[in-house]
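Numbering (this note's numbering), first residue to last: 17 to 514. Here the structure is laid out as structure tokens; the discussion comes afterwards.
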């Protein structure tokens with residue numbers, strides 16, 4: 017395929033080749049993936065190839081100055097599709113190393129390796145081969161100018177450095193106006209300067225690219241901009257869209273596809289109970305009752321039956337989601353949406369039950385942003401979201417410091433929060449024990465629903481989010497026995513307002 021290959025004369029059913037470029041934190045990867053899913057297109061972020069090569073070079077001890085050895089590694093790296101047609105998995109010798117290529121060591125080294133001209137030249141053919149069958153969105157920093165200069169449609173997703181820095185700061189849970197936020201702005205300026213002035217494939221919008229400014233946009237608005245641009249281009253080129261938005265698979269990659277669940281951020285959401293969910297809840301109640309005594313305290317009926325709701329609980333044991341889901345589900349009469357680690361879905365039976373029971377897979381290697389967007393979508397669509405604000409099980413049953421994500425969700429959506437305490441589950445099923453102990457009692461205490469903010473975005477400062485998190489955790493701590501209140505013991509003793 018030559019540098020100026022045009023796709024315009026290819027068969028009408030092939031779909032478009034869309035080049036999507038933009039600077040760091042412009043949203044091109046997440047927006048491009050969401051737009052591709054809606055359009056029925058494949059999607060690839062070419063940065064994943066550079067990350068894969070960087071990871072492999074670090075594993076083999078190959079320096080960025082050893083160009084011959086680096087180029088030889090290119091043939092060992094393959095991208096594999098997930099269930100939605102995104103080339104989002106990285107395979108090396110048939111092994112899925114997707115999680116590893118998103119690690120901090122790769123973060124620190126990828127810029128140095130991606131600047132090597134020989135590496136970029138070696139990966140050029142791979143990227144063009146991926147795009148050859150069409151109906152694909154290819155994201156990167158030089159797609160429209162170097163990789164696919166003959167693309168059917170060239171888009172350049174851009175935003176001011178202040179907007180991009182704010183987005184990245186919020187993804188990391190830091191104050192955009194504080195020292196950490198300033199450090200993010202400085203790093204983005206530095207990276208922009210490197211990308212724009214490098215000798216090989218500098219970052220810039222192609223002369224014939226359509227620039228899409230996203231300052232002030234919500235994520236969904238930016239996705240709509242890309243979808244609309246592609247639809248308009250399809251109409252102009254007389255290319256029919258994919259029927260029903262069904263992804264059209266492209267040619268298989270060199271390695272066998274690595275199985276994985278659909279991207280959590282774009283799954284179909286539903287608020288209704290199904291016979292499967294009700295049946296699983298019944299079985300869970302019977303099993304739990306045979307192992308331990310479960311006592312429910314508080315007013316379940318105070319939990320709203322319509323509209324968005326955040327249910328937040330402490331996490332001291334593997335028994336927590338079982339007993340909460342088993343007893344709350346039939347009383348609420350609504351589907352509870354949970355976020356679960358992706359590895360859960362690799363189990364044949366458990367994975368199927370989870371996928372059909374309201375659990376959404378989250379890839380923890382890139383989970384922070386994707387999980388937040390999915391959680392926001394669940395609430396925006398008026399459903400029930402269950403979360404453990406601590407993020408993981410407590411090692412000793414006592415409350416740990418919680419992450420600010422739940423408070424951010426409540427502040428942004430105005431959804432009411434229902435605090436729940438699961439008391440003494442750590443005594444029945446301690447961390448590190450494969451099976452629960454027989455006997456004992458687990459008490460589930462349900463607190464009164466409350467609001468951190470009455471709708472709107474709320475305040476964005478780190479101090480305000482930390483205060484909101486402390487308020488939330490204080491509500492949970494007040495429902496727990498004193499031995500489990502941990503770092504929020506003082507908040508449990510504070511007066512509860514509202």
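Even for Gly, the Cβ is constructed at its ideal location relative to N, Cα and C.
Return the chain-ordered list of same chain residues with a C-beta closer than 7 Å to the C-beta of residue 252, the five sequence neighbours on each side being excluded. Numbered from 1 along the chain shown, position 236 holds the residue referred to as residue 252. Once the five neighbours on either side are set aside, residue 252 has no close Cβ partner at all.
If you draw a straight line from the alpha carbon of residue 135 to that of residue 85, how long is it in whole angstroms? The residue labelled residue 135 in the question sits at position 119 within the chain shown. The residue labelled residue 85 in the question sits at position 69 within the chain shown. Approximately 10 Å, taken between the alpha carbons.
Are there three or more Cβ pairs, one per stretch, closer than 8 Å when the region 300-309 is compared with the region 418-425? no
Suppose the cutoff is 8 Å on Cβ atoms and the five residues either side in sequence are ignored; what does the same chain contact list for residue 176 look like? Locating residue 176 in the chain shown gives position 160, where the first residue counts as 1. The answer, listed in chain order, is 231.
In the DSSP assignment, find the alpha helix (DSSP H) that holds residue 339 and state where it starts and stops. Residue 339 sits at position 323 when you count from the first residue of the chain shown. Residues 335-348.
So which of 455, 62 and 153 has the shortest CA-CA distance to residue 54? For the purposes of this step, residue 54 is taken as the residue at position 38 of the chain shown. For the residues 455, 62 and 153, the minimum Cα distance to residue 54 belongs to 153.
Leaving out five residues on either side along the sequence, give the residues of the same chain with a beta carbon under 8 Å from the beta carbon of residue 313. Counting from one through the chain shown, the residue named residue 313 turns up at place 297. Excluding residues within five positions, the ones whose Cβ falls inside 8 Å are 459, 460, 461 and 462.
Let me make sure I understand the geometry here. Which of 352, 95 and 102 has the alpha-carbon closest to that of residue 111? Residue 111 sits at position 95 when you count from the first residue of the chain shown. Of the listed residues, the one whose Cα sits closest to residue 111 is 95.
Could you give the first and the last residue of the continuous beta strand (DSSP E) run that contains residue 402? Position 386 of the chain shown, counted from the start, is the residue given in the question as residue 402. Residue 402 -> beta strand (DSSP E) spans 400-403.
Please work out which residues of its chain come closer than 8 Å, Cβ to Cβ, to residue 89, disregarding the five sequence neighbours upstream and downstream, and give them in chain order. Residue mapping note: residue 89 aligns to position 73 of the chain shown, counting from 1. Same-chain partners within the cutoff: 69, 72, 73, 76 and 78.
Identify every residue that forms a DSSP beta bridge with residue 111. For this step, residue 111 is matched to residue 95 along the chain shown. Partner(s): 108.
Cβ separation of residue 351 and residue 287, assumed to be a contact under 8 Å, to the nearest whole Å: Walking along the chain shown from the start, residue 351 turns up at place 335. Walking along the chain shown from the start, residue 287 turns up at place 271. Rounded, the Cβ-Cβ distance is 5 Å, consistent with contact.
Between which two residues does the beta strand (DSSP E) holding residue 459 run? Stepping through the chain shown from its first residue, residue 459 is reached at position 443. First-last of the beta strand (DSSP E) with residue 459: 457-462.
Here's a check: name, in chain order, each residue in its chain whose Cβ is nearer than 8 Å to the Cβ of residue 488, leaving out the five neighbours to either side. In the chain shown, residue 488 corresponds to position 472, counting from 1. Only 328, 405, 418, 422, 423, 426, 433, 435 and 468 meet the Cβ criterion.
Residues in its own chain within less than 7 Å of residue 207 by CB, not counting five upstream and five downstream? Within the chain shown, numbered from 1, the residue matching residue 207 stands at position 191. Here the set comprises 40.
Taking a contact to mean a Cβ-Cβ separation below 8 Å, would you say residue 5 touches residue 414 in this structure? In the structure as shown, the chain begins at 17 and stops at 514. Residue 5 is therefore absent and cannot be evaluated.
Span separating the alpha-carbon of residue 333 from that of residue 479: For the purposes of this step, residue 333 is taken as residue 317 along the chain shown, with counting starting at 1. For the purposes of this step, residue 479 is taken as residue 463 along the chain shown, with counting starting at 1. Cα-Cα distance, rounded: 30 Å.
Within 10 Å of its beta-carbon, does residue 109 have 16 or more other beta-carbons around it, so buried, or fewer, so exposed? Along the chain shown, one-based indexing puts residue 109 at 93. By the 10 Å Cβ count, residue 109 comes out exposed.
Reference residue 63, options 52, 87, 56 and 36, closest by Cα: Residue mapping note: residue 63 aligns to position 47 of the chain shown, counting from 1. The shortest Cα separation from residue 63 among 52, 87, 56 and 36 belongs to 36.
Alpha carbon to alpha carbon, what distance is there between residue 346 and residue 320? The residue given as residue 320 occupies position 304 in the chain shown. The residue given as residue 346 occupies position 330 in the chain shown. Cα to Cα, residue 320 sits roughly 14 Å from residue 346.
Can you give the Cα-Cα distance for residue 368 and residue 375, rounded to whole angstroms? Along the chain shown, one-based indexing puts residue 368 at 352. Along the chain shown, one-based indexing puts residue 375 at 359. Near 10 Å, if we compare the C-alpha coordinates of residue 375 and residue 368.
What are the start and end residues of the beta strand (DSSP E) that includes residue 103? Residue mapping note: residue 103 aligns to position 87 of the chain shown, counting from 1. From DSSP, residue 103 is part of no beta strand (DSSP E); its letter is neither H nor E.
Helix, strand or coil: which one does DSSP assign to residue 377? Indexing the chain shown from 1 puts residue 377 at position 361. Looking at residue 377 - three-state DSSP - the assignment turns out to be strand.
Start and end of the beta strand (DSSP E) containing residue 436? Mapped onto the chain shown, residue 436 falls at position 420. Start and end: 433-439.
By Cβ distance below 6 Å, which residues in the same chain neighbour residue 497 in space, the five residues on each side in sequence not counted? If you number the chain shown from 1, residue 497 lands on position 481. The residues are 439.
Following the continuous alpha helix (DSSP H) through residue 369, name the residue where it begins and the one where it ends. Sequence index remark: in the chain shown, residue 369 carries index 353 (1-based). Per DSSP, residue 369 belongs to the alpha helix (DSSP H) from 364-371.
Name the one or two DSSP bridge partners that residue 353 has. For the purposes of this step, residue 353 is taken as residue 337 along the chain shown, with counting starting at 1. According to DSSP, residue 353 bridges with 401.
Between the CA atoms of residue 51 and residue 495 - distance to the nearest angstrom: For this step, residue 495 is matched to residue 479 along the chain shown. For this step, residue 51 is matched to residue 35 along the chain shown. Whole-angstrom Cα-Cα distance: 44 Å.
Tell me the start and end of each unbroken alpha helix (DSSP H) in the region 167-205 that is at least 4 residues and wholly inside, in chain order. 177-188
Simplified DSSP assignment, three categories, for residue 299: What you label residue 299 is simply residue 283 of the chain shown in a count that begins at 1. Looking at residue 299 - three-state DSSP - the assignment turns out to be helix.
Please classify residue 178 as buried or exposed, where buried requires at least 16 other C-beta atoms within 10 Å of its C-beta. Your numbering for residue 178 matches position 162 in the chain shown. With fewer than 16 other Cβ atoms within 10 Å, it is exposed.
Write down the C-beta distance between residue 353 and residue 394 rounded to the nearest angstrom, noting that I regard them as a contact closer than 8 Å. On the chain shown, position 337 is the one that residue 353 refers to. On the chain shown, position 378 is the one that residue 394 refers to. At roughly 5 Å, the Cβ-Cβ gap stays under 8 Å, so residue 353 and residue 394 are in contact.
Could you check which residue in 34, 441 and 141 has the C-alpha nearest to that of residue 499? On the chain shown, position 483 is the one that residue 499 refers to. Selected option, being the one with the closest Cα: 441.
Of all the alpha helix (DSSP H) runs that stay within the bounds of the region 39-72, which reach a length of 4 or more residues? 44-55
What number of angstroms, rounded off, separates the C-alpha of residue 58 from the C-alpha of residue 150? Position 42 of the chain shown, counting from 1, holds the residue named residue 58. Position 134 of the chain shown, counting from 1, holds the residue named residue 150. Going by the C-alpha atoms only, they are around 8 Å apart.
Does the Cβ-Cβ distance between residue 172 and residue 225 come in under 8 Å? Position 156 of the chain shown, counted from the start, is the residue given in the question as residue 172. Position 209 of the chain shown, counted from the start, is the residue given in the question as residue 225. Against a cut-off of 8 Å, the Cβ pair of residue 225 and residue 172 comes out as a contact.
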